[in-house]
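Here the structure is laid out as structure tokens; the discussion comes afterwards.
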Amino acid sequence: MKIIRKQHGRRKEEMKELFMTLASKNGLQHSIQWNNFAFSAAAYGTGLQGEIFDDELYIEIKGIFERRVEKHLQDAWNALAGKGLV
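Each residue of the sequence shown is one higher than the one before, starting from 431 at the first, in our numbering.
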């Protein structure tokens with residue numbers, strides 16, 4: 431299992447919108463289930479679940495491609511941070 435914890439300076443609603451945009455760009459928009467600001471998704475033998483808190487994004491990744499998913503999410507986060515979006 432891989433865990434990603436990232437601090438953010440946005441409102442939870444803004445972070446949810448950014449996360450949904452990222453999921454859409456990666457073809458996961460239909461597999462994400464939301465419960466307010468908690469979420470889960472599964473695709474290709476790998477699942478993730480997490481929650482958007484007031485100042486932190488928390489994600490757990492489990493499955494066959496967890497390292498690849500972790501790297502992809504880290505890269506996406508770095509790209510958003512580089513643009514000043516998080």
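All residues carry an ideal CB built from backbone N, CA and C; glycine is no exception. Values in this document were obtained by computation on a predicted structure and should not be read as measured data.
Using the rule of at least 16 other Cβ atoms within 10 Å of the residue's Cβ for burial, across every protein chain shown, is HIS460 buried or exposed?
-> exposed
Q) At which residues does the beta strand (DSSP E) containing PHE469 begin and terminate? A) 468-473
Problem - Sheet register partners of ASN465 (DSSP bridge) - result: ALA468
### Residue burial classification, GLY480 (beta-carbon count within 10 angstroms, cutoff 16)
buried
LEU487: first and last residue of the uninterrupted alpha helix (DSSP H) it sits in = Premise fails: LEU487 lies in the beta strand (DSSP E), 486-493, not in any alpha helix (DSSP H).
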